[in-house]
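Participant:
Spelled out as structure tokens, the structure:
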């Protein structure tokens, strides 16, 4: 089920910096929900090509004891359920932190067209920092990546969490 529109007109674009910033803004709100339950604060949203919210998620690994409880996985599952198909062609995923290898693999498998992310993950990122699964030339589908959107806000949220919960 489509829950809301990010923008009221049909001019929404994953290539528009303003729309990217709005998308990551919603992800930051979701990330705060994860942080409030002692999960690493990462939030993700899947949008249709016109900016409709199809699925949202935040990290729930600690809460649910689920190693796959990443924000991107939750958002992808919700979007697939909303559309009634695993193929998310033309959709956009926004997330506060560069996707890890597991999430990048799921993004690739879902056929998402664009990924917008905030902070780089220098330890485990798979969208350009450590690996680049989303643009791997040997695969049959490539994702357009829009990195560093509201990067400092996303990184600050993560730093604050780790200072508070993990010392």
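In the working numbering, the protein residues as written are 3 to 169. All C-beta atoms, glycine included, are put in the ideal place defined by N, C-alpha and C. Fair warning: this is a prediction, and the values are worked out from it, not measured in the lab.
1) Can you tell me whether residue 66 is helix, strand or coil according to DSSP?
2) Between the region 66 to 86 and the region 109 to 120, are three or more C-beta pairs nearer than 8 Å?
3) Between 149, 163, 56 and 153, which lies nearest to residue 17 when the distance is taken from Cα to Cα?
4) So residue 56 and residue 44 are in contact, right, with Cβ under 8 Å, and what is the actual spacing, rounded?
5) Can the beta-carbon of residue 40 be found closer than 8 Å to that of residue 64?
6) Who are the near neighbours of residue 153 in its chain, counting only those whose CB is closer than 8 Å to its CB and skipping five residues on each side?
7) Going by DSSP in three states, residue 161 sits in which element: helix, strand or coil?
8) Which residues does DSSP list as the beta-bridge partners of residue 134?
9) Helix, strand or coil for residue 4? Go by DSSP, reduced to three states.
10) Output the distance between the C-alpha atoms of residue 143 and residue 68, rounded to the nearest integer angstrom.
11) What did DSSP end up calling residue 97 once you bin it into helix, strand or coil?
12) Less than 8 Å between C-beta atoms, sequence neighbours within five positions excluded: which residues of the same chain meet that for residue 133?
13) Compute the distance between the beta-carbons of residue 117 and residue 151, then report whether it is under 8 Å.
14) How many whole angstroms separate the CB atoms of residue 96 and residue 29, which I take to be in contact at a CB cut-off of 8 Å?
Facilitator: Let me lay it out:
1) helix
2) Yes: at least three Cβ pairs fall under 8 Å.
3) 149
4) Going by Cβ atoms, the distance from residue 56 to residue 44 rounds to 18 Å, so no, they are not a contact pair.
5) Yes, Cβ-Cβ distance for residue 40 and residue 64 is below 8 Å.
6) Answer for residue 153: 120, 121 and 122, listed in chain order.
7) helix
8) 129
9) Note that residue 4 has pLDDT 42, beneath the 50 cutoff, so the model's placement of it is unreliable and no number is given.
10) 28 Å
11) strand
12) 103, 106 and 127
13) no
14) 5 Å
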